[in-house]
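Only one structure is covered here, and it is reproduced in the block below.
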Amino acid sequence: MMPAIGLDIGSMTTKAVVVEGASVRARVMIPTGSVPRRAAGQAYREALRQAGLQGEPPAVVTGYGRLDVPFAARRVTEITCHAVGARFLFPEARTVVDVGGQDSKVIRLSTDGRVLDFVMNDRCAAGTGRFLEVMAAALGLSLEELGPASARATRELTISSLCTVFAESEVISNLAAGEAREDIVAALHRAIARRVHGLASRVGLEPEVVFTGGVALNAGVVRELERLVGRRLLVPAEPQFTGALGAALLAETGGTP
Ligand SMILES: Nc1ncnc2c1ncn2[C@@H]1O[C@H](COP(=O)(O)OP(=O)(O)OP(=O)(O)O)[C@@H](O)[C@H]1O
Ligand SMILES: [Mg+2]
Numbered sequence: 001m002m003p004a005i006g007l008d009i010g011s012m013t014t015k016a017v018v019v020e021g022a023s024v025r026a027r028v029m030i031p032t033g034s035v036p037r038r039a040a041g042q043a044y045r046e047a048l049r050q051a052g053l054q055g056e057p058p059a060v061v062t063g064y065g066r067l068d069v070p071f072a073a074r075r076v077t078e079i080t081c082h083a084v085g086a087r088f089l090f091p092e093a094r095t096v097v098d099v100g101g102q103d104s105k106v107i108r109l110s111t112d113g114r115v116l117d118f119v120m121n122d123r124c125a126a127g128t129g130r131f132l133e134v135m136a137a138a139l140g141l142s143l144e145e146l147g148p149a150s151a152r153a154t155r156e157l158t159i160s161s162l163c164t165v166f167a168e169s170e171v172i173s174n175l176a177a178g179e180a181r182e183d184i185v186a187a188l189h190r191a192i193a194r195r196v197h198g199l200a201s202r203v204g205l206e207p208e209v210v211f212t213g214g215v216a217l218n219a220g221v222v223r224e225l226e227r228l229v230g231r232r233l234l235v236p237a238e239p240q241f242t243g244a245l246g247a248a249l250l251a252e253t254g255g256t257p
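Each residue of the sequence shown is one higher than the one before, counting from 1 in my numbering.
Pasting the structure below:
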């Protein structure tokens, strides 16, 4: 089979994946920045270079920035691409939860992998990766520190707002009141997990549940969501690449899922 390339132009990061047969030959992630088409071109060229490919294979493009990519051979929705990517990694997947920088979505799949239903919460940073970035900054922690910090929590606090602005002031007043950072982080993770779980309840949560997107790298959010769902979640080793992987697989087969 010929190598094929998929691109996912997300609100925060642009991902490119090159597949050949059933294996990934290259994977590139760069910040999307303010000009999605520039990030797309850069990720495309870099992925082909890493894969050692000559020529310009047609790209299947997904993500919120996909309309801004003039060289796209085909544009496919994020729902379809995440479904295809998640099923490739976990054939038993029946639900896909994706929490990225700026939206969260939950997709319900049939046993044979067709999309039955989905919900999406977009255009608002509430309870997404961007929300966590703002809170991490307010707490003086890096994104990577959030998960480990929340594992050390000892006191159950509550953050009642998921609006970034209000939640940030709750974080600041908790700090001023002398609350421990790890307890505040755990409360933020619970708030996000509750929101994602609420969204998921609208489509129904069939096992197995796959968790994708950058927020799946946060072990604290994974743990809180597992608690609410009442079972383990399947998290890909590289959760941010799931949509781009799906796009590459669609480029390879030339078909619809
Ligand atoms: N190492 C990490 N640890 C914890 N969280 C991380 C890490 N790296 C990235 N993230 C989170 O992932 C988010 C970005 O996720 P992702 O790349 O899936 O977004 P996106 O696809 O650009 O956005 P969207 O799908 O909403 O358009 C960041 O905002 C951050 O919260
Ligand atoms: Mg995304």
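The beta carbon of each residue, even a glycine, is placed where N, CA and C say it ideally should be. Keep in mind it's a predicted model, so treat the numbers as computed, not measured.
When DSSP states are grouped into helix, strand and coil, Asp98 belongs to the strand group. The beta carbons of Val69 and Ala40 sit closer together than 8 Å. 8 Å or more divides the Cβ of Glu226 from the Cβ of Arg190.
For Ala244, the enclosing alpha helix (DSSP H) starts and ends at Thr242 to Thr253.
Shortest gap from the CB of Asp68 to any heavy atom of ligand 2: 7 Å or more.
Looking at the backbone, the Cα of His82 and that of Ser110 are separated by about 14 Å.
When Leu67, Ala51, Leu53 and Val17 are compared, the shortest CA-CA separation from Val35 is found for Leu67.
For the set Arg27, Gly10 and Met12, the Cα lying nearest the Cα of Ala4 is the one of Arg27.
In the three-state reduction of the DSSP assignment, Asp117 falls in the strand class, which pools E and B.
Counting along the chain, no beta strand (DSSP E) covers Pro239, and no H or E run does either. For the set His197, Leu205 and Arg94, the Cα lying nearest the Cα of Val221 is the one of His197. Beta-bridge pairing by DSSP links Ile184 to no other residue.
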